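Here is the structure we will look at.
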Amino acid sequence: MSEPELDIQNLKISFSTPRGKLTAVNGISFQLNQGEALALVGESGCGKTVSALSILRLLPEPPAEISSGKILFSGQNLLSLNAKTLQDLRGRSIAMVFQDPMTSLNPVLTIGEQMAETLLRHTTMTRQEALQKSADLLSRVDLPSPKEKLKQYPHQLSGGMRQRVMIAMALTCSPRILIADEPTTALDVLIQAQILELLESLKKETGMSMLIITHDLGVVAEIAQRVLIMYAGEIVESGPAHALLDNPLHPYTRGLIASVPKLGALKKKGARLEEIPGTVPSLDQRPSGCAFHPRCAWAIEKCKTQKPQLREAEGERQWSCHLEPGSL
Amino acid sequence: MELSPGAGLAMNTKKGIPLLEVQGLKKHFFPQMKFLEEQAPPVRAVDGISFTLQAGETLGLVGESGCGKSTAARTLLRLIEPTSGQVNFCGTNLFDLKETALRSLRREMQIIFQDPYSSVNPARRIGHILQEPFEIHGCRDKKENAEKATQLLERVGLTSGHFNRYPHELSGGQLQRVGIARAIALNPKLVVADEPVSALDVSIQAQIINLLLDLKEKLDISYLFISHDMGVVEYFCDRVAVMYLGKIVEIAHSEQIYNSPMHPYTTALLNAIPSFEPGRIKQKTSIRGDIPDPAILQRGCAFHSRCPIKEKKCEDDIPALEEITPGHHVACFFK
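Which chain is which? The protein sequence lines are A and B, in order. Mapping of the first sequence onto the working numbering: residues 222 to 549, in sequence order. Mapping of the second sequence onto the working numbering: residues 508 to 842, in sequence order.
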């Protein structure tokens, strides 16, 4: 196996707030392999977006603080780079697509100006060449009449079109890693299906690696090869997507899967969905022991006091739970 | 003490009259006129929809954003005034009612909004928010109202400890429970739920859906359930209406919609849902492009610009909503 594209080791991120220092990401480690689509899954506040933003050092520091860990990208630790080197990296080697295409484009610049900006920063292209390349990219993401789109402003495009522009912008310098933060959450299902197909085919074409952040297990099944499940700032389970969705090991993963109504699994009238009781703990009230124990139906005495360590299971899987495998 | 029965309660006893009957409901929005310019064509947000909702039934209204489903809900509750059409609630046409009569009928029909944070007053305590319905509908006894508000909190799975909290102190799921408590405060017959779970986390969505199902059984509520999530709708609804560009293109029982959809748009919606069932067969989406701008009047079938099976006829003629098999209505030439 070749070296991983991105190697994150024991990453810890905290925020200074009036309530004190809050830990958002509590020592996570994972690798993103070459040409792989890896999904980072969890509910709001579990630390998935913060982890992703930290890779490109996009978190405002302070209040954020990366208190420990390493982010290795082609042998260099991104956490020890200076601002200039980071800028050379952003958009060129690692690019990002944000959740909300309405707010992540500049409303007062045309699409063309925004797209050319990346190329002018990272390459020696002239303005004219950059615009030509931008038009090519727009047609590659299936946007009709790209030449006209370059002259338009973001508000003239629909949500789906704007997300295509965002993806085209991320692709301008053929990055090796694409980080997509909830790329389809703001979109309708028909548009979501189109965008997922687009990402899939772009990945095949370019061989880039993708880190997809999502809360939607359907999206995971659709596009990811491997999954990391996060809860309260920690990875609680990881493994190949289909194995993990078919046979979850951690009670939280099992609960997440069960609480989504499945199409076609026609309900018995009056049947209830399985639910996970309670809510995600806030950062300043992290439960002792296993952070999930107050919501876990299988919790035993040990879970309240001892934090479970990440264990290895068959088939390149990992999970952190005191229960023996197969007891769910 | 119960509240004195409103006008709606008496009418409800009539047998055979649907709880809600919507006929040719239209809501067009006219853009503001500019000086010396002709009136621009209206945005046809809701363009002549008709359906009925029987007591005890749950009807799902699905479609993409911009298809007019929320506008339809607001118009049929007369939260915004309709352009034309008729809505009979227990046999009474809502659009004929004067303000006071409408207000007393409002206790029978309530709404739950999508975003729990923006649907409550952030400066009021939860207890106060829940007492307001009783105050508006004529119960001035403070102590009694507070008691009822506490009961409501417990009914929706919160505790009396939440009574003196402010909205910002609650999580999204908890606050949506407050929104639900407020809607059921006056024992309504009809609750319109406008995307009640789409702003919530997955694990919380299941909690709220279960709560809505419990309340339906205990309080005999009928729901008009608006959603873009076909999975949730299948789970929750007895019948489903699919909307596209202000029109209903297919309406049928859940089993019919999910097992044998007839309109190409419904089929596309069902195929587009990412699923993680083992052994599933994924079909590529056949639908390209976005929903057209509702301000531009289209000829022919509203869906023809994206339809994979369209023919010349679809560009010129508008297909009518027809009953194909019992209870299954479709507006398409190729059913």
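We treat Cβ as the ideally placed atom computed from N, Cα and C, and that holds for glycine. All of these numbers come straight from a predicted model, not from anything done at the bench.
Query	Result
Going by C-alpha distance, which of B:Gly-592, B:Thr-590 and B:Arg-585 is nearest Ala-608 of chain B?	B:Arg-585
Can you give the Cα-Cα distance for Pro-322 of chain A and Ile-780 of chain B, rounded to whole angstroms?	21 Å
Report all residues from its chain with a CB closer than 7 Å to the CB of Val-739 of chain B; omit the five preceding and five following residues, and keep chain order.	Val-704 and Ile-716
Going along the stretch 403-428 of chain A in order, which residues come within less than 8 Å of chain B, judged by CB to CB distance?	Asp-409, Val-410, Leu-411, Ile-412, Gln-413, Ala-414, Gln-415, Leu-417 and Glu-418
Out of B:Glu-818, B:Leu-777 and B:Tyr-772, state which residue places its alpha-carbon closest to the alpha-carbon of Glu-797 of chain B.	Rather than Glu, the amino acid found at residue 797 of chain B in this sequence is Asp. Looking at the Cα atoms, B:Tyr-772 is the closest of the given residues.
Secondary structure at Met-540 of chain B, three-state DSSP: helix, strand or coil?	coil
Any idea what DSSP makes of Glu-286 of chain A, helix, strand or coil?	strand
Could you tell me the distance, in whole angstroms, from the CA atom of Ile-764 of chain B to the CA atom of Ile-758 of chain B?	8 Å
Report the residue from A:Gly-266, A:Leu-300, A:Glu-257 and A:Ile-292 whose alpha carbon sits nearest the alpha carbon of Ile-249 of chain A.	A:Ile-292
Report yes if the CB atom of Leu-719 of chain B is closer than 8 Å to the CB atom of Ala-688 of chain B, and no otherwise.	no
Ends of the alpha helix (DSSP H) at Val-740 of chain B?	737-743
Lys-754 of chain B lies in the beta strand (DSSP E); which residues open and close that run?	754-760
Along the chain, where does the alpha helix (DSSP H) that runs through Gly-679 of chain B open and close?	679-691
Please report how far the alpha carbon of Gly-290 of chain A lies from the alpha carbon of Leu-449 of chain A, in whole angstroms.	18 Å
Can you tell me which of A:Ala-512, A:Trp-519, A:Ala-518 and A:Glu-535 puts its alpha carbon nearest to the alpha carbon of Pro-529 of chain A?	A:Ala-512
If we call anything under 8 Å between Cβ atoms a contact, is Thr-582 of chain B one with Val-627 of chain B?	no
Is Gln-255 of chain A helix, strand or coil by DSSP?	coil
By Cβ distance below 8 Å, which residues in the same chain neighbour Leu-494 of chain A in space, the five residues on each side in sequence not counted?	Ala-479, Ser-480 and Pro-482
Measuring straight from C-alpha to C-alpha, what distance separates Ser-611 of chain B and His-644 of chain B?	7 Å
Please state whether the Cβ-Cβ distance between Leu-340 of chain A and Ala-351 of chain A is less than 8 Å.	yes
Using 8 Å as the limit for Cβ to Cβ distance, is Tyr-751 of chain B near chain A?	no
Grab the span of the alpha helix (DSSP H) containing Ser-422 of chain A for me, first residue to last.	410-427
To test your reading of the DSSP string, which unbroken beta strand (DSSP E) runs of 3 or more residues are found completely within the stretch 558-605 of chain B?	565-569 and 591-596
With 16 as the cutoff for other CB atoms within 10 Å, does Ser-667 of chain B come out buried or exposed?	exposed
Should Glu-615 of chain B go down as buried or exposed, given a rule of 16 or more other Cβ atoms within 10 Å for buried?	buried
By the DSSP assignment, the alpha helix (DSSP H) with Phe-732 of chain B in it spans what residues?	Careful: Phe-732 of chain B lies outside any alpha helix (DSSP H), inside the beta strand (DSSP E) at 729-734.
Any chance the CB of Glu-654 of chain B is under 7 Å from a heavy atom of the ligand NAP?	Summarising the ligand content, the structure contains no ligands, and the ligand NAP is consequently not present.
How about Ser-237 of chain A and Pro-281 of chain A: are their beta carbons less than 8 Å apart?	no
How long is the line joining the alpha carbons of Asp-309 of chain A and His-343 of chain A, rounded to whole angstroms?	7 Å
Measure the CB-CB distance between Val-441 of chain A and Trp-540 of chain A and report whether it falls below 8 Å.	no
Looking at Arg-385 of chain A: is its Cβ nearer than 8 Å to the Cβ of Met-429 of chain A?	no
Are the CB atoms of Arg-278 of chain A and Leu-299 of chain A within a distance shorter than 8 Å?	yes
Just the C-alpha distance for Gln-805 of chain B and Cys-394 of chain A, rounded to the nearest angstrom, thanks.	40 Å
Within the 8 Å Cβ cut-off, does Asn-717 of chain B reach chain A?	yes
Scan the stretch 690-723 of chain B for residues whose Cβ lies nearer than 8 Å to a Cβ of chain A and list them as they occur along the chain.	Asp-708, Val-709, Ser-710, Ile-711, Gln-712, Ala-713, Gln-714, Ile-716, Asn-717 and Leu-720
Going by the CB atoms, is the gap between Ile-618 of chain B and Val-747 of chain B shorter than 8 Å?	no
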